[in-house]
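J.: To convert, note that position 211 of the sequence shown is 217 in my numbering; the numbers rise steadily by one, no gaps.
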Amino acid sequence: MPLRMELLVCGGTGCQASNSKRVLEVLREGIQEANLQEEVRVLMTGCFGFCEKGPIVKVMPDNIFYVEVDEESARKIVREHVVKGRIVEEKIYKEPKTEEKLPEQSSIPFYKKQIRIALRNCGKIDPENINEYIASDGYMALARVLTEMTPEEVIDAVKRSGLRGRGGGGFPTGLKWEATRKSKSDVKYIICNADEGDPGAFMDRSILEGDPHSVLEGMAIAGYAIGAQFGYIYVRAEYPLAIHRLRIAISQAREMGLLGKNILGTNFSFDVEIKIGAGAFICGEETALINSIEGGRGEPTVKPPYPAQVGLWKKPTNINNVETFANVPPIILNGAEWFSSIGTEKSKGTKVFALAGKVNNVGLVEVPMGITLREIIYDLGGGIKGGKKFKAVQTGGPSGGCIPAEHLDTPIDYDTLNALGSMMGSGGMIVMDEDDCMVNIAKFYLEFSCDESCGRCTACRVGNKRMLEILNKITEGKGEMEDLEMLKELAETVKDSSLCGLGQTSPNPVLSTMKFFYDEYLAHVKDKSCPAGVCTELLKYYIIPEKCVGCTACAKVCPVNVIHGEPRKVHVIDREGCIKCGECYRTCRFGAITRK
Numbered sequence: 007m008p009l010r011m012e013l014l015v016c017g018g019t020g021c022q023a024s025n026s027k028r029v030l031e032v033l034r035e036g037i038q039e040a041n042l043q044e045e046v047r048v049l050m051t052g053c054f055g056f057c058e059k060g061p062i063v064k065v066m067p068d069n070i071f072y073v074e075v076d077e078e079s080a081r082k083i084v085r086e087h088v089v090k091g092r093i094v095e096e097k098i099y100k101e102p103k104t105e106e107k108l109p110e111q112s113s114i115p116f117y118k119k120q121i122r123i124a125l126r127n128c129g130k131i132d133p134e135n136i137n138e139y140i141a142s143d144g145y146m147a148l149a150r151v152l153t154e155m156t157p158e159e160v161i162d163a164v165k166r167s168g169l170r171g172r173g174g175g176g177f178p179t180g181l182k183w184e185a186t187r188k189s190k191s192d193v194k195y196i197i198c199n200a201d202e203g204d205p206g207a208f209m210d211r212s213i214l215e216g217d218p219h220s221v222l223e224g225m226a227i228a229g230y231a232i233g234a235q236f237g238y239i240y241v242r243a244e245y246p247l248a249i250h251r252l253r254i255a256i257s258q259a260r261e262m263g264l265l266g267k268n269i270l271g272t273n274f275s276f277d278v279e280i281k282i283g284a285g286a287f288i289c290g291e292e293t294a295l296i297n298s299i300e301g302g303r304g305e306p307t308v309k310p311p312y313p314a315q316v317g318l319w320k321k322p323t324n325i326n327n328v329e330t331f332a333n334v335p336p337i338i339l340n341g342a343e344w345f346s347s348i349g350t351e352k353s354k355g356t357k358v359f360a361l362a363g364k365v366n367n368v369g370l371v372e373v374p375m376g377i378t379l380r381e382i383i384y385d386l387g388g389g390i391k392g393g394k395k396f397k398a399v400q401t402g403g404p405s406g407g408c409i410p411a412e413h414l415d416t417p418i419d420y421d422t423l424n425a426l427g428s429m430m431g432s433g434g435m436i437v438m439d440e441d442d443c444m445v446n447i448a449k450f451y452l453e454f455s456c457d458e459s460c461g462r463c464t465a466c467r468v469g470n471k472r473m474l475e476i477l478n479k480i481t482e483g484k485g486e487m488e489d490l491e492m493l494k495e496l497a498e499t500v501k502d503s504s505l506c507g508l509g510q511t512s513p514n515p516v517l518s519t520m521k522f523f524y525d526e527y528l529a530h531v532k533d534k535s536c537p538a539g540v541c542t543e544l545l546k547y548y549i550i551p552e553k554c555v556g557c558t559a560c561a562k563v564c565p566v567n568v569i570h571g572e573p574r575k576v577h578v579i580d581r582e583g584c585i586k587c588g589e590c591y592r593t594c595r596f597g598a599i600t601r602k
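Given below as structure tokens:
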């Protein structure tokens, strides 16, 4: 009996954390009880991207998109939609501004401006079933290059597509492949960099979890193009679901002759092995990653020579990240001109961003290069949470910069972000509102860089530490004007003299916040105040007499008993003894306590 219906349940890490595995079980139990298992199939897919509204269940072919599905609503979906054909209205996405119910995925604003290429199969197929990938034109690109194209023609197609590395640097992928191809050696290697360490970034993880075969296929095509027979996927241990699905995908591909010896009956052989990293941020840098795979300490080496000439085990090595490889099969199938028609003149195709922070629609988006920050944050992201005022967006993680509201209409591509003192990075995008202190934000990212520095070069090891000491001094109210001059000078020195790209970009959060939010630095240093009310040492809590009703709620929660006053009379705070814990501020229901 042919299938009548499919229920696609989001199986990404985010939705699994919201109990989507139990939702899947309940749906299957309901189908079993209704004796419809021959007509209706329930399967777990990869990430749909709309993480804010998970767990997600999509009903096909009806194309109905259910959000925030729990066990009870899962039972109702079976009872009403599957059995009776009635849509479960309360679980349809409702547009917040218009209150309009939007049952189809394509009609939801979060998806309207997306073009899903790297994420083309995520949320559509079972990532643990190779047959579903093949049914979606999987491995057709590999078959084409092995039977119809020379390695040089493959490289030419990637060059003409304009694909640039999606891991951060944005180096043209075709040129990197060409350089490795031209290197003379009996052995060459392909490495997939899946060491995604940026705070708030989950792009590569979602691709590996939702469509691992696209990465394997892209790696095999790259292996054919450069003359490599073996590849490594370097993935961090914190991604257990991605590792699990990669292992299944590799095993299935080997069984079907799509990895291993004489692939598809040709004389091309290529296999892949997983290498699990220990979570060191520095291992996202390609030479440090190579050292780690070889069993050494994760430290970068001086370039040149580049990995394309001397890489893994001293052999020519091509390194690209997960998203880059995922773009390769559709480029081969659809043509270089198709891909290059998307995006801007110098930044072709799409980019996947992990949209996080103070934004309504946290999730994963894939958008054409050239889209503006405003479109991503307000059209796809639904604006700022709680109706707060937008303040800045951090792109590129610890290596990127903070971009203020005045640049919201900037088209996003590699060059414009670099011009603003930020970078594309791997695709992290963290939104901040009026309650964020930009000095504290710079300190947060610098703390991360100090913790993750490999320590090999003095500029990064010592320079970042000294910058962090200055920022601590400023946020504690002890900063002087000369500290600001020293902070900028140190940042520029570290940027110019660090050994690797991670060290060279680590001062970007400091430099960008000093450029766009210098007034906040001055407030911390001159006025000894934090305008956002974040830096504890600079806060001064006091009670506004006109608003205080003498309810005593603040006095009851004060852990050090420094709030005094009789019931129904104005209270006061003894600021000498105040430990600035903020309990009184959070407890007051009348807005009578202020902090600045």
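We put the CB at the ideal spot given by N, CA and C, even for glycine. For clarity, every value in this text was computed on a predicted model and none was experimentally measured.
Can you tell me where the beta strand (DSSP E) holding Pro335 begins and where it ends?
T.: Walking along the sequence shown from the start, residue 335 turns up at place 329. Looking at the DSSP string, Pro335 is not in any beta strand (DSSP E); the run it does join, the alpha helix (DSSP H), is 328-340.
J.: Where Gly355 and Ser346 are concerned, what is the direct C-alpha to C-alpha distance, given to the nearest angstrom?
T.: As a working note, residue 355 is residue 349 in the sequence shown. As a working note, residue 346 is residue 340 in the sequence shown. Cα to Cα, the separation comes out at about 6 Å.
J.: Please report how far the alpha carbon of Pro67 lies from the alpha carbon of Gly229, in whole angstroms.
T.: By one-based count along the sequence shown, residue 67 stands at place 61. By one-based count along the sequence shown, residue 229 stands at place 223. Computed Cα separation, rounded: 38 Å.
J.: Alpha carbons only, please: which of Val48, Phe54, Ile37, Glu74 is nearest the one belonging to Ser24?
T.: Your numbering for residue 24 matches position 18 in the sequence shown. Cα-wise, what sits closest to Ser24 is Glu74.
J.: Out of Pro537, Lys397, Ala538, Val445, which has the shortest C-alpha to C-alpha gap to Lys494?
T.: Taking the first residue of the sequence shown as 1, we reach residue 494 at position 488. The candidate whose alpha carbon is nearest that of Lys494 is Val445.
J.: Can the beta-carbon of Arg472 be found closer than 7 Å to that of Leu496?
T.: The count along the sequence shown starts at 1 and reaches residue 472 at position 466. The count along the sequence shown starts at 1 and reaches residue 496 at position 490. Against a cut-off of 7 Å, the Cβ pair of Leu496 and Arg472 comes out as a contact.
J.: Are Asn127 and Asp210 close, meaning C-beta to C-beta below 7 Å?
T.: The count along the sequence shown starts at 1 and reaches residue 127 at position 121. The count along the sequence shown starts at 1 and reaches residue 210 at position 204. No.
J.: Do you know how far the Cα of Ile37 is from the Cα of Phe71?
T.: In the sequence shown, the residue the question calls residue 71 occupies position 65. In the sequence shown, the residue the question calls residue 37 occupies position 31. If you take the alpha carbons of Phe71 and Ile37, they lie about 18 Å apart.
J.: Inspect the CB distances between the segment 373-385 and the segment 414-423 and report whether three or more fall short of 8 Å.
T.: Yes, the segment 373-385 is in contact with the segment 414-423.
J.: So, for Asn604: in the same chain, excluding its five sequence neighbours on each side, which residues have a beta-carbon less than 7 Å away from its beta-carbon?
T.: The question about residue 604 has no answer, for the chain in this structure spans 7 to 602.
J.: Count the other C-beta atoms from every protein chain shown that fall within 10 angstroms of the C-beta of Met225, then say buried if there are 16 or more, exposed otherwise.
T.: Walking along the sequence shown from the start, residue 225 turns up at place 219. Flag for Met225 reads buried.
J.: Identify which residue in Leu361, Ile383, Asn135 has its Cα closest to the Cα of Gly52.
T.: Position 46 of the sequence shown, counting from 1, holds the residue named residue 52. Considering only alpha carbons, the answer is Asn135.
J.: Please tell me whether Leu264 and Tyr145 are closer than 7 Å, where the distance is taken between their beta carbons.
T.: As a position in the sequence shown, residue 264 is number 258, starting the count at 1. As a position in the sequence shown, residue 145 is number 139, starting the count at 1. Cβ atoms of Leu264 and Tyr145: closer than 7 Å.
J.: Hey, quick one: how far does the alpha helix (DSSP H) through Asn446 stretch, first residue to last?
T.: Walking along the sequence shown from the start, residue 446 turns up at place 440. 444-458 is the extent of the alpha helix (DSSP H) around Asn446.
J.: Using DSSP bridges, identify the partner residues of Val371.
T.: The residue you call residue 371 lines up with position 365 of the sequence shown. Its beta-bridge partners are Phe359.
J.: In three-state DSSP terms, what is Arg595?
T.: Here residue 595 refers to the residue found at position 589 when the sequence shown is read from its first residue. DSSP places Arg595 in coil when its eight states are reduced to three.
J.: Per the DSSP calculation, Thr51 is bridged to which residue(s)?
T.: Here residue 51 refers to the residue found at position 45 when the sequence shown is read from its first residue. Beta-bridge pairing links Thr51 to Cys16.
J.: Out of Pro61, Gly173, Phe56, state which residue places its alpha-carbon closest to the alpha-carbon of Tyr5.
T.: This structure cannot speak to residue 5, because the chain is shown only from 7 to 602.
J.: Can you tell me the Cα-Cα spacing of Leu222 and Ile282, whole angstroms?
T.: Looking up residue 222 in the sequence shown gives position 216. Looking up residue 282 in the sequence shown gives position 276. Answer to the nearest angstrom: the Cα atoms are 16 Å apart.
J.: Any idea what DSSP makes of Asn424, helix, strand or coil?
T.: The residue labelled residue 424 in the question sits at position 418 within the sequence shown. Note: Asn424 maps to helix in three-state DSSP.
J.: Is the beta carbon of Val29 closer than 7 Å to that of Val15?
T.: Residue numbering aside, residue 15 sits at position 9 when the sequence shown is read from its first letter. Residue numbering aside, residue 29 sits at position 23 when the sequence shown is read from its first letter. Yes, the Cβ-Cβ distance between Val15 and Val29 is below 7 Å.
J.: In angstroms with no decimal places, state the Cα-to-Cα distance between Thr323 and Phe274.
T.: Residue mapping note: residue 323 aligns to position 317 of the sequence shown, counting from 1. Residue mapping note: residue 274 aligns to position 268 of the sequence shown, counting from 1. Taking the straight line from one Cα to the other gives about 18 Å.
J.: Would you mind working out which of Ile338, Gly389, Glu300, Lys521 sits nearest Ala425, comparing C-alpha positions?
T.: Here the question's residue 425 lines up with position 419 in the sequence shown. Of Ile338, Gly389, Glu300, Lys521, the residue nearest in Cα terms is Lys521.
J.: Would you kindly work out how many angstroms separate the C-alpha atoms of Glu261 and Glu86, rounded to a whole number?
T.: The residue labelled residue 261 in the question sits at position 255 within the sequence shown. The residue labelled residue 86 in the question sits at position 80 within the sequence shown. Distance between the alpha carbons of Glu261 and Glu86 is about 41 Å.
J.: Which of helix, strand or coil does DSSP assign to Gly507?
T.: Start at 1 with the first residue of the sequence shown, and residue 507 comes out as number 501. Here Gly507 sits in helix by DSSP.
J.: Answer yes or no: do Gly206 and Ile436 have a C-beta to C-beta separation smaller than 7 Å?
T.: As a first step, residue 206 is located in the sequence shown; it is residue number 200 there, counting from the start. As a first step, residue 436 is located in the sequence shown; it is residue number 430 there, counting from the start. Yes.
J.: In the DSSP assignment, what residue or residues form a beta bridge with His570?
T.: The residue you call residue 570 lines up with position 564 of the sequence shown. For His570, which the question treats as bridged, DSSP gives the partners Val578.
J.: Distance check for Pro335 and Lys357, CA to CA, integer angstroms please.
T.: As a first step, residue 357 is located in the sequence shown; it is residue number 351 there, counting from the start. As a first step, residue 335 is located in the sequence shown; it is residue number 329 there, counting from the start. Between Lys357 and Pro335, the C-alpha separation is close to 16 Å.
J.: Are there 16 or more other CB atoms within 10 angstroms of the CB of Asp580, so buried, or fewer, so exposed?
T.: Within the sequence shown, numbered from 1, the residue matching residue 580 stands at position 574. By the neighbour-count rule (16 or more Cβ atoms within 10 Å), Asp580 is not buried but exposed.
J.: Kindly indicate which residue of Gly91, Ser26, Leu423, Gly171 has the alpha-carbon position closest to the one of Leu379.
T.: Counted from its first residue, the sequence shown places residue 379 at position 373. Considering only alpha carbons, the answer is Leu423.
J.: Going along the chain, which unbroken runs of the alpha helix (DSSP H) with 4 or more residues stay wholly within the segment 207-241?
T.: Within the segment 207-241, the complete alpha helix (DSSP H) runs of at least 4 residues are 209-216, 218-232.
J.: Can you tell me which of Ile390, Thr350, Pro157, Gly393 puts its alpha carbon nearest to the alpha carbon of Ala234?
T.: For the purposes of this step, residue 234 is identified with residue 228 of the sequence shown, where counting begins at 1. Comparing Cα positions, the closest option is Pro157.
J.: For Val468 and Glu498, what's the separation of their Cα atoms in angstroms?
T.: Position 462 of the sequence shown, counted from the start, is the residue given in the question as residue 468. Position 492 of the sequence shown, counted from the start, is the residue given in the question as residue 498. Whole-angstrom Cα-Cα distance: 14 Å.
J.: Looking only at C-alpha atoms, which of Glu291, Ala314, Tyr312, His219 sits nearest to Arg303?
T.: Numbered from its first residue, the sequence shown carries residue 303 at position 297. Of the listed residues, the one whose Cα sits closest to Arg303 is Glu291.
J.: Measure how close the beta-carbons of Ala314 and Ser189 come, nearest whole angstrom, since I'm counting them as under 8 Å.
T.: Taking the first residue of the sequence shown as position 1, residue 314 is located at position 308. Taking the first residue of the sequence shown as position 1, residue 189 is located at position 183. At roughly 6 Å, the Cβ-Cβ gap stays under 8 Å, so Ala314 and Ser189 are in contact.
J.: Return the CA-CA distance between Asp525 and Leu169, expressed in angstroms with no decimal places.
T.: Walking along the sequence shown from the start, residue 525 turns up at place 519. Walking along the sequence shown from the start, residue 169 turns up at place 163. Distance between the alpha carbons of Asp525 and Leu169: 40 Å.
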